[in-house]
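Q: First residue of the sequence shown? That's 585 in our numbering, and the numbers climb one at a time after it.
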Amino acid sequence: MADVDGTWDTVVKSPLGDQKATLVVKSDGNSWTGSNTGAMGSVDITDGGVDGNTITWKMSIVVPMPMTLDCTATVDGDTITGNVGAGAFGSFPLTGTRAA
Numbered sequence: 585m586a587d588v589d590g591t592w593d594t595v596v597k598s599p600l601g602d603q604k605a606t607l608v609v610k611s612d613g614n615s616w617t618g619s620n621t622g623a624m625g626s627v628d629i630t631d632g633g634v635d636g637n638t639i640t641w642k643m644s645i646v647v648p649m650p651m652t653l654d655c656t657a658t659v660d661g662d663t664i665t666g667n668v669g670a671g672a673f674g675s676f677p678l679t680g681t682r683a684a
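1) Between T638, G601, N637 and D635, which has its C-alpha nearest M624's C-alpha?
2) What three-state label does DSSP hand G636 in the structure shown?
3) Report the rounded CA-to-CA distance for V659 versus K610, giving the unit in angstroms.
4) Determine the contact status of T606 and T621, defining contact as a CB-CB distance below 8 Å.
5) Do you know how far the Cα of G613 is from the Cα of T647?
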């Protein structure tokens, strides 16, 4: 299994501009827990899954409006890339690097 654990400095390219956040991943077998903290607040991760070097998760946000985001990302060494799905609003690219 890839080393998905750690603290990740991420950026999501959204219609509201670049959304910088810190994603914390702590895996346990095929699942993981953690948090995502950015300018619009902090949320706990739910439904975190691990499949090799790919992680999936959900985040329930309230700003700018209440919704659940469906996220998928792939870890390659110290980089992470993926997408954040915002339902009818589409999907937005996520990129990041492992924090030092």
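For glycine and all other residues, C-beta sits at the position ideal for the given N, C-alpha and C. No experiment lies behind these values; they were computed from the predicted model shown.
A: Here's the rundown:
1) Here the question's residue 624 lines up with position 40 in the sequence shown. It is G601 whose Cα lies nearest to the Cα of M624.
2) Residue numbering aside, residue 636 sits at position 52 when the sequence shown is read from its first letter. Coil at G636, not helix or strand.
3) In the sequence shown, counting from the first residue as 1, residue 659 sits at position 75. In the sequence shown, counting from the first residue as 1, residue 610 sits at position 26. Whole-angstrom Cα-Cα distance: 13 Å.
4) Reading the sequence shown from its first residue, position 22 is the one you call residue 606. Reading the sequence shown from its first residue, position 37 is the one you call residue 621. In this structure, T621 lies closer than 8 Å to T606 by Cβ.
5) One-based indexing of the sequence shown puts residue 647 at position 63. One-based indexing of the sequence shown puts residue 613 at position 29. Residue 647 is actually Val in this sequence, not Thr. Cα to Cα, V647 sits roughly 31 Å from G613.
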